[in-house]
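Chemist: Quick note: the sequence shown uses the numbering used here, first residue 49, plus one each step. Don't be surprised by glycine CBs; every beta carbon is placed ideally from N, CA and C. What you are looking at is a predicted structure, and each value in this text was computed from that prediction instead of being measured. Structure in structure tokens, see below.
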Amino acid sequence: MQGKNHCNHIPFYASHEKTKFVMTKSVLFAYFLSLPLVMSWTMNDADFWLVEKKPTYTLFYRSSDTENKEEYIKLIDSGIRSVNSFFGTGFKNEFDVHIYPHRNLLDSTWSKDWKIKDFKSECWMVASGIATKIDMISPKNWDKESCEHTYSDSLNTQRLIIHELVHVYHGQFNISPDFSDVENIDWFVEGLATYVSGQCDQERIAKIRAAVLGNNVPDSLRKFWTGNLRYGLSGSMVMYIDYKYGKSMLISLLKYNKVSDILTVLNTTETEMIKGWKDYILSL
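This is the structure we're talking about:
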């Protein structure tokens with residue numbers, strides 16, 4: 049765990065102190081104006097966020113996750129150390145981590161953030177990350193809230209959290225912090241997170257190698273983030289960039305939001321890059 053726990057667990061919306069009022073008309077009006085908020089707070093405490101401030105991030109969670117909070121902090125702190133170790137520097141800015149007890153509440157947030165009315169996430173979606181925050185279903189509820197993720201699979205749980213932390217790190221250096229203004233770099237955004245998190249493992253590489261041998265891989269970078277092999281395709285392409293150009297060059301690409309800029313910096317073409325990637329995959 050990073051640093052010392054130095055924040056009380058208080059609802060996010062407000063903290064209240066008992067105050068003696070002199071009942072002037074103005075104070076009386078203020079008292080009755082605030083009464084619904086006070087009543088809401090006391091009657092619906094479970095609807096409020098609890099907050100814990102950490103050195104790099106602020107954790108927001110519901111009362112249902114009070115017993116799980118320390119486990120989640122360990123996972124997040126471990127993930128931050130992994131991200132810092134790979135990139136050689138820490139996060140530029142602090143960020144928030146919101147833990148949602150169930151999918152419906154997360155969908156409501158994503159619906160507002162992404163401006164998609166009545167948004168319903170796919171069953172495999174459990175988290176998202178941008179420069180300012182991570183939104184995540186409570187990991188201990190993944191077994192019932194997700195069709196692909198299991199909390200007891202500790203290695204993949206840690207990798208998934210690292211994956212989202214990479215998105216936060218990447219977003220803090222990118223021209224488009226929430227990746228809403230990007231041009232054909234979905235493969236790079238997701239590939240970077242897949243590679244750095246360790247999700248581009250031997251099993252995924254074996255599937256990509258088989259696809260290359262079967263001449264069943266995309267002919268453009270834009271298509272790398274499509275289909276069932278999208279994580280392996282994108283992650284292995286970023287792995288190839290690291291291998292061929294080095295980590296310093298890879299890190300220098302974080303700020304770009306267009307594939308044309310990435311290719312210019314690498315002094316290559318899309319065709320040359322995909323050919324080099326194929327040769328690299330077959331050499332593994």
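Between the segment 225-232 and the segment 283-291, do at least 3 Cβ pairs fall closer than 8 Å?
Modeler: no
Chemist: Using the rule of at least 16 other Cβ atoms within 10 Å of the residue's Cβ for burial, across every protein chain shown, is L76 buried or exposed?
Modeler: Only weak support exists for where L76 lies, its pLDDT of 38 falling under 50; the value from the coordinates is given anyway. The residue in question, L76, is exposed, as its Cβ has fewer than 16 Cβ neighbours within 10 Å.
Chemist: Rounded to the nearest angstrom, how far is the Cβ of M184 from that of E142, given a contact under 8 Å?
Modeler: Incorrect: roughly 17 Å between the Cβ atoms, too far for contact.
Chemist: Helix, strand or coil: which one does DSSP assign to V307?
Modeler: helix
Chemist: When the Cα atoms are used, what is the spatial distance from H215 to S224?
Modeler: 12 Å
Chemist: Can you look up T312 in the DSSP assignment and give me helix, strand or coil?
Modeler: helix
Chemist: How would you write the range of the beta strand (DSSP E) that A175 sits in, first residue to last?
Modeler: 175-178
Chemist: Give the C-beta separation of I210 and V237 to the nearest angstrom, bearing in mind that I take them to be a contact with Cβ-Cβ under 8 Å.
Modeler: Not confirmed; about 15 Å, so no contact.
Chemist: Measure the alpha-carbon distance for N305 versus T137 and round it to whole angstroms.
Modeler: 21 Å
Chemist: Which whole-angstrom value is the C-beta distance of Q206 and G127, which I expect to be below 8 Å?
Modeler: 7 Å
Chemist: Can you tell me whether DSSP reads T242 as helix, strand or coil?
Modeler: Helix at T242.
Chemist: For L269, report the span of its beta strand (DSSP E) as first-last.
Modeler: No beta strand (DSSP E) contains L269, which DSSP labels as neither H nor E.
Chemist: Suppose the cutoff is 8 Å on Cβ atoms and the five residues either side in sequence are ignored; what does the same chain contact list for I121 look like?
Modeler: M49, E100, K102, L107
Chemist: With DSSP collapsed to three states, give me the class of F167.
Modeler: F167: coil per DSSP, three-state reduction.
Chemist: Exposed or buried, L203, counting other C-beta atoms within 10 Å across all chains shown (16 or more means buried)?
Modeler: exposed
Chemist: So, using beta-carbon positions, are G219 and A259 closer together than 8 Å?
Modeler: no
Chemist: With DSSP as the reference, label I233 as helix, strand or coil.
Modeler: coil
Chemist: Classify H197 as helix, strand or coil using the three-state DSSP reduction.
Modeler: coil
Chemist: Name the two residues that bound the continuous alpha helix (DSSP H) containing D113.
Modeler: Segment: none, D113 is in no alpha helix (DSSP H) and carries neither H nor E.
Chemist: Hey, how far is the Cα of M87 from the Cα of Y109?
Modeler: Any answer about M87 is weak, because its pLDDT of 36 lies below 50 and its placement is not dependable; what the coordinates show is given next. The straight-line gap from Cα to Cα measures roughly 21 Å.
Chemist: Please confirm whether S282 and G239 have their CB atoms less than 8 Å apart.
Modeler: yes
Chemist: What is the rounded straight-line gap between the Cα of R252 and the Cα of S130?
Modeler: 21 Å
Chemist: Does the Cβ-Cβ distance between V174 and S194 come in under 8 Å?
Modeler: Yes, these two residues count as a Cβ contact at 8 Å.
Chemist: What residue from M321, T316, D309, S300 has the CA that sits closest to P266's CA?
Modeler: M321
Chemist: Can you give me the Cβ contacts of L311 inside the same chain, cut-off strictly under 8 Å, excluding the 5 residues immediately before and after it?
Modeler: Listed in chain order, the non-local C-beta contacts of L311 below 8 Å within the same chain comprise T317, E318, M321, local neighbours out to five positions each way being set aside.
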